[in-house]
Every structure is written in structure tokens, then in C-alpha cells.
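> Listed in order, the protein sequences are those of chains A and B. Here the working numbering is used: the first residue of the first sequence is 1, the next is one more, and so on. Here the working numbering is used: the first residue of the second sequence is 266, the next is one more, and so on.
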Amino acid sequence: MQNVIKRNNVKVMGRGEQTILFAHGFGCDQKMWQYIAPTFAMNYRVVLFDYVGSGNSDITAYESEKYNTLHGYAQDVLDIIEELNLQHVLFVGHSISSMIGMYAAIQRPQYFDKLIMIGPSPCYLNDTDGYVGGFEKEDIKELLEMMEMNFAGWASFMAPFALSQPDDAKLTQQLKSDFVSTNPRVAREFAEVTFFSDCRSKLPFLKVPTLIIQCSNDSIVPIKVGEFLHKHIQNSKLLVMDAKGHYPHISQPLETIEIINEYLN
Amino acid sequence: MDKRLRKAPCGFISINHDCYIIEVNDTFLEWMGYKQADLLGTHIESLLKPGTKMIFHSYFYPNINFNGCVEELFIKVKNQAGDEVPYLLNAKKVKQGDSEMIDCILVQMKRRIDYELELRATKKQMEEAYIEKNIAFEKLEQIYLEIEKKQIELMEINSGLVTISNTDKLTGISNRRFFQEKLEQQVELYRKEGKPFSFLIIDIDHFKKVNDTYGHQIGDIVLVKLANLLKNIMHPEDILSRFGGEEFTVILPATNIEKAISFAKKINQEVEEATWQETGSLTVSIGAATFTEQDTETSIIEKADRALYASKENGRNRSTHFSEL
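(1) DSSP state of residue 171 (chain A), grouped into three classes?
(2) From the beta carbon of residue 324 (chain B), is the nearest beta carbon of chain A less than 8 Å away?
(3) Which residue from B:368, B:553 and B:338 puts its Cα closest to that of residue 266 (chain B)?
(4) Do residue 193 (chain A) and residue 68 (chain A) have their C-beta atoms closer together than 8 Å?
(5) Can you tell me whether residue 177 (chain A) is helix, strand or coil according to DSSP?
(6) Could you round the C-beta distance between residue 309 (chain B) and residue 286 (chain B) to whole angstroms and report it? I think they count as a contact, below 8 Å.
(7) If you pair each beta-carbon of the segment 383-394 of chain B with each one of the segment 354-370 of chain B, do three or more pairs fall below 8 Å?
(8) Under the assumption that residue 23 (chain A) contacts residue 100 (chain A) (Cβ atoms under 8 Å), give the Cβ distance between them as a whole number of angstroms.
(9) Counting only the same chain and skipping the five closest in sequence on each side, list residues whose C-beta sits under 8 Å from that of residue 508 (chain B).
(10) Taking the C-alpha atoms as reference points, what is the distance between residue 30 (chain A) and residue 345 (chain B)?
(11) Residues of chain A with CB closer than 7 Å to the CB of residue 330 (chain B), please, in chain order.
(12) Which chain B residues are close to residue 246 (chain A), counting only those with a beta carbon under 7 Å from its beta carbon?
(13) Quick one: any contact between the segment 196-209 of chain A and the segment 99-114 of chain A, if contact means 3 or more CB pairs under 8 Å?
(14) Would a check of beta-carbon distances place residue 135 (chain A) closer than 8 Å to chain B?
(15) Alpha carbon to alpha carbon, how far is residue 92 (chain A) from residue 147 (chain A)?
(16) Can you grab the Cα-Cα spacing for the pair residue 11 (chain A) / residue 275 (chain B), in whole Å?
(17) For residue 207 (chain A) and residue 114 (chain A), what's the separation of their Cα atoms in angstroms?
(18) Can you list, in chain order, the residues of the segment 287-315 of chain B whose Cβ is nearer than 8 Å to any Cβ on chain A?
(19) For a cutoff of 8 Å on Cβ pairs, would you count residue 327 (chain B) as touching chain A?
(20) The beta strand (DSSP E) spanning residue 58 (chain A) covers which residue range?
(21) For residue 27 (chain A), which residues in chain B fall below 7 Å Cβ to Cβ?
(22) List the residues that DSSP assigns as beta-bridge partners of residue 230 (chain A).
(23) Check each residue of the segment 355-372 of chain B: if its Cβ is closer than 8 Å to any Cβ of chain A, include it; give the result in chain order.
(24) Just mark residue 416 (chain B) as buried or exposed, buried being the case when its beta carbon has 16 or more other beta carbons within 10 Å.
(25) Quick check on residue 139 (chain A) - is its C-beta less than 8 Å from some C-beta in chain B?
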């Protein structure tokens, strides 16, 4: 196997006994933990990383067949744990990463002590059975279209005859704009795997103690989803933060740190 | 708000850290059909449909927080009537005293978007055409492969037919048809390049008696055995054929009179010395001729025939060359 540390741009900091592994969600990278990770680094060993295809990961390690399901991403998590020989891991996942962490913890429960899910959703699409995920298929289509309109290289990539794709490293260097996805194909596939995944049937298999953190006014995930998760994950605790948005660790870092600390102690 | 900013030729919205609208200019209100009271205090996301909200969340939010600004984000904003209006959004985090806010400039993209949609529609058509072309091409390739396969099959059948039509059924050696072709080629070669060749007619002695005594079945066995024996004596370039009945012919390329005579004598000897269980013994008579400038395909056969006749006349089991007559 190739060097996992380099592949996933793994960063280790902090001096604690126990390890907290922070996993970013769709459209982001490990930078999103910058307001809360340093605080935890005082008492824990903190491990940050980018999923293959995101941030500064090794894009050449990306394979559609592997990463077109959440299992591929869960394998990234397990690879990092194994590579660093981590035990009793405290896993903090944001958004879709909560489900990725869940897959990893179902596969290898012995690696994990606790899971902390921030703004999780087992299924973003509404279902005919009455489940409200918050999105219709049309909305996801719209999202993909918006991404197409916003990312350099995306539109031309989608054309089957786009022959001259600048290589990714060059593209990222060239365009300093915020809206450069590392690779249009990867971004699109990550969007699809995120928004079309349905993990609901897997929830009962999670045995690792889990904290579900939900914003009272999450703009992406309806409040009912938190309750749904709590109901179906046996050993779980639901905590609703009085906050608007989907990124409490960015908008309310202090409160988020407090909540996580309280759960861990 | 400054009057010029209120009427500026772009939308201006200021939101607080939690993205609630604290200021909005007249231009934006006019464009969208809102009143100031509709928007002040509402969350910016209440103007976005789920798809846009998601992109806003995944990209606007982290970027404005970590980089302090967002440039050229394409979004769609709902107007009073609920329709989505396309905008290009620039935003910047600013500090005023203790509070932090985000200033957003919105430029309408209606015409630009029409143009872009046109481009995308064209692109889509091209994609479809491209895919269709590829499918058609694949089909053609398939057809081509099938044709190629059929052609190979045909060629195999054909070459099988050629072999069959050139082969003597009983003995498995070439037949008279094939011999005739080869003879023509030899004559042509002689005319073009002056390459000499000789020709033998081999006839089994008293073959009628073999048939009469032992039956046709034995006669056939003798013919096959003789054909095999002759085949084994031949040089690779010699062309042995069954001429008909108990007659065999040999074309001997690059062979002069002397060589032809000695080869014919060798045949006499080999046949005589071979074991013939069916008949006890067997001999052949041979007539030889060597092609000369005056000769034709017919004349050389005639000459060899006359030489063969002489061999028979002179007691059989021998060879005669036309030049000896």
C-alpha cells in the first residue's frame, strides 16, 4: 500500500494519550477543524486528514470504483488508524463523515471508543415512507448544476470530448479562486455519493457509543433527522445545539468544544 | 446607508456573522420585488432553494470564514414571486467595532445566464451527437469485424475447394487439372526466363492384368501405393500428378535431358525394388521429354507419350527420352 500519511495528507498534533480523529465533510478539507482542533490538541493527540480527492490529498490515489460508495471513504479512515496504530479512537465526523465513521466503526468496532457526529444525516433525500431527509432529487440535480456553474474545469470536464484537461496540480496552482474543486470528477462523485447515499438500514449495526450533535436550525438537515438517528443508533445521545447552520464547529467553536468535552469526560 | 450605495447599480446586502440580513439596498429590493421589512432580520438562506442552499453552505460559508472573502460565486436567489434570479456574488467579511459582518455585492446575470444556457444547450447537443457518433462507429466496427470474420471463413472454404478440385480423390496427389495449370506455368517461365524443364509420363506395366486378376479394389490399392512411393522419390519442387488411369506425370523444373533420364531410371529401379504384396511385383515404363523452344504444352506431352510408347515397345520396365528416338 502506498504511504497513507502522504495520500491522506495526515497531520498529527497534540500531546494527549488518547486520539481524536477529525473527519471533514463534503466540499471541505481538514481546514474546517481549525477553530476547535488546537484546543483539543492540549489534552489529546489530534489527527487531521483529507479524504482522497479532497484538500491536499494525493489525487492520483482516487479511483471511482473505490470511492463511489461511502465504504471507500471508510477505508481511508481505517487505513489511517492502522497506519498510525491508533487505539481507542474518538472519531469526530462532520456531516457525511459521520456516516463514513459509522461504516468504519461497524467494520472495525474494536478501533473506536466513541463517535461524535456533527450535523449527521443517514439519508439526505426524502423518502416515500415518510422519512424527511430535506432534499428532493430535483434539489440534488440543482446542486450539481450549481457546482457545474461554479467550478472551473467542471463544465468542460463533463463533456465526453474534453481531451485537454490541465492536470490537477497545475489547475489548483493556476487558479487561486475559492471555487476550484480539486478535480471536477471527484467533486461530482463525492457530491453524488454524499447526497444519494442511504445509510438508514445500517444504523442498528453501530455499537460504538455515539454523540449526535445537531443544530436546532440546521439548514441542511431537518431536526427530525437527529431524532431518527438517535432512535436507531442503540448507544447514542442526541444533543441539539441552539444554533443556525450546519457548521457549529465554525460558527460556534467554543460551544462545540464544550459539548464534545462534556461527552468525552 | 449612503444614498449612492442605496441606489448603486448592483444589489448590496449586509449580513451578520450568523447570516441574518441587517442591511439591503434599494436596487436589490426593486429587482426582487421585496420591501425592506421583508428582508431585514431574515436569514439569507430563506432566499435560497435547497440546491443553492447546499452550495452556499458547502462553499460560501467555509470560505468566508477562512479566507474572509468569496469571489464570483454563482447563486440563484428567490424573488418576491418565488422565481429564482441568477446572481454573481462577491462577499467580504468586515469588522465594525466589535461586530463582524459580511458585505455582499450581487450582480444580476440574466442575460449572461441566457448566453451560458445557450452554450450549455449547444454543448449538450454536441455531447449527444458525439455519443451517437461513437455508438454508430462502434456498430460499424462490429459490422466490419463480422465481415472480416466472414471473409476469413470464405477464404478458408475457398482454399478448401481449391485443394479439393486440384486433388486426385483416390491417391491424394495432384490431379490432371492441377498438372495442366502447372505445365502452363512452366511453359510461361520457360518463355519469359528461359528456365528449362523436363517432363515424365509414368505408366504401370500390365495394369489391366492386375485389375483382371486381383480385381479393381487391389488395382486401386496398387495405384495409391505407387503414388506414395513416387511422392517420396520426388524433390520438393517436382510436380507429381495422376494423369488418369494408371498414368502418372512429373514436371521436373530446372532439369535437362541427362538429369531427366537418370531420374526416370531411378524411378524404374525404386518401383521394381519395392515390395508389392498384392501383385508380387510391379514395374513401370517411362517416357521423358525436355522442353525446347519449338515446343508447346501439347507437343511436350506428345513427345513424352511417344517416348513412353518406345519404352513399352522395347520390353517395358524402362525409360526412354524423346531425344533418344
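All C-beta atoms in this analysis are idealised placements derived from N, C-alpha and C, irrespective of residue type, glycine included. Since the model is a prediction, treat every value here as computed from it, not as a measurement.
Well, looking at it:
(1) The residue given as residue 171 (chain A) occupies position 171 in the first sequence. Only weak support is given to the placement of residue 171 (chain A): the predicted model assigns it a pLDDT of 40, under 50, and the value that follows is read from those uncertain coordinates. In the structure shown, residue 171 (chain A) sits in a helix (DSSP, three-state: H, G or I).
(2) Position 59 of the second sequence, counted from the first residue, corresponds to residue 324 (chain B). So yes, residue 324 (chain B) belongs to the interface.
(3) On the second sequence, position 1 is the one that residue 266 (chain B) refers to. Answer by Cα proximity: B:368.
(4) Along the first sequence, one-based indexing puts residue 193 (chain A) at 193. Along the first sequence, one-based indexing puts residue 68 (chain A) at 68. Their beta carbons are under 8 Å apart, which means residue 193 (chain A) touches residue 68 (chain A) by this criterion.
(5) Sequence index remark: in the first sequence, residue 177 (chain A) carries index 177 (1-based). Here residue 177 (chain A) scores only 39 on pLDDT, less than 50, and its place in the model is too uncertain to base an answer on.
(6) Indexing the second sequence from 1 puts residue 309 (chain B) at position 44. Indexing the second sequence from 1 puts residue 286 (chain B) at position 21. Contact holds; Cβ gap of about 6 Å.
(7) no
(8) As a working note, residue 23 (chain A) is residue 23 in the first sequence. As a working note, residue 100 (chain A) is residue 100 in the first sequence. About 6 Å separates the two Cβ atoms, so the contact holds.
(9) To locate residue 508 (chain B), count along the second sequence from 1; it is residue 243. Taken in chain order, the residues that qualify are 441, 444, 466 and 514.
(10) Start at 1 with the first residue of the first sequence, and residue 30 (chain A) comes out as number 30. Start at 1 with the first residue of the second sequence, and residue 345 (chain B) comes out as number 80. Going from the Cα of residue 30 (chain A) to the Cα of residue 345 (chain B) covers about 39 Å.
(11) For the purposes of this step, residue 330 (chain B) is taken as residue 65 along the second sequence, with counting starting at 1. Neighbours of residue 330 (chain B) on chain A, chain order: 250.
(12) Locating residue 246 (chain A) in the first sequence gives position 246, counting from the first residue. Chain B residues near residue 246 (chain A): 322.
(13) yes
(14) Taking the first sequence and counting its residues from 1, the one referred to as residue 135 (chain A) is at position 135. With 8 Å as the cut-off, residue 135 (chain A) counts as an interface residue toward chain B.
(15) Locating residue 92 (chain A) in the first sequence gives position 92, counting from the first residue. Locating residue 147 (chain A) in the first sequence gives position 147, counting from the first residue. Going by the C-alpha atoms only, they are around 27 Å apart.
(16) Position 11 of the first sequence holds residue 11 (chain A). Position 10 of the second sequence holds residue 275 (chain B). Using only the alpha carbons, I get a separation of about 43 Å.
(17) Working through the first sequence from its first residue, we reach residue 207 (chain A) at position 207. Working through the first sequence from its first residue, we reach residue 114 (chain A) at position 114. In a straight line, the C-alpha of residue 207 (chain A) is about 10 Å away from that of residue 114 (chain A).
(18) 308, 310, 314 and 315
(19) Start at 1 with the first residue of the second sequence, and residue 327 (chain B) comes out as number 62. Yes, because at least one Cβ of chain A sits closer than 8 Å to the Cβ of residue 327 (chain B).
(20) In the first sequence, counting from the first residue as 1, residue 58 (chain A) sits at position 58. Segment: none, residue 58 (chain A) is in no beta strand (DSSP E) and carries neither H nor E.
(21) On the first sequence, residue 27 (chain A) is found 27 positions in, with the first residue counted as 1. Result: 323 and 324.
(22) Looking up residue 230 (chain A) in the first sequence gives position 230. Residue 230 (chain A) is not bridged to any residue.
(23) none
(24) To locate residue 416 (chain B), count along the second sequence from 1; it is residue 151. Residue 416 (chain B) should be labelled exposed.
(25) If you number the first sequence from 1, residue 139 (chain A) lands on position 139. So yes, residue 139 (chain A) belongs to the interface.
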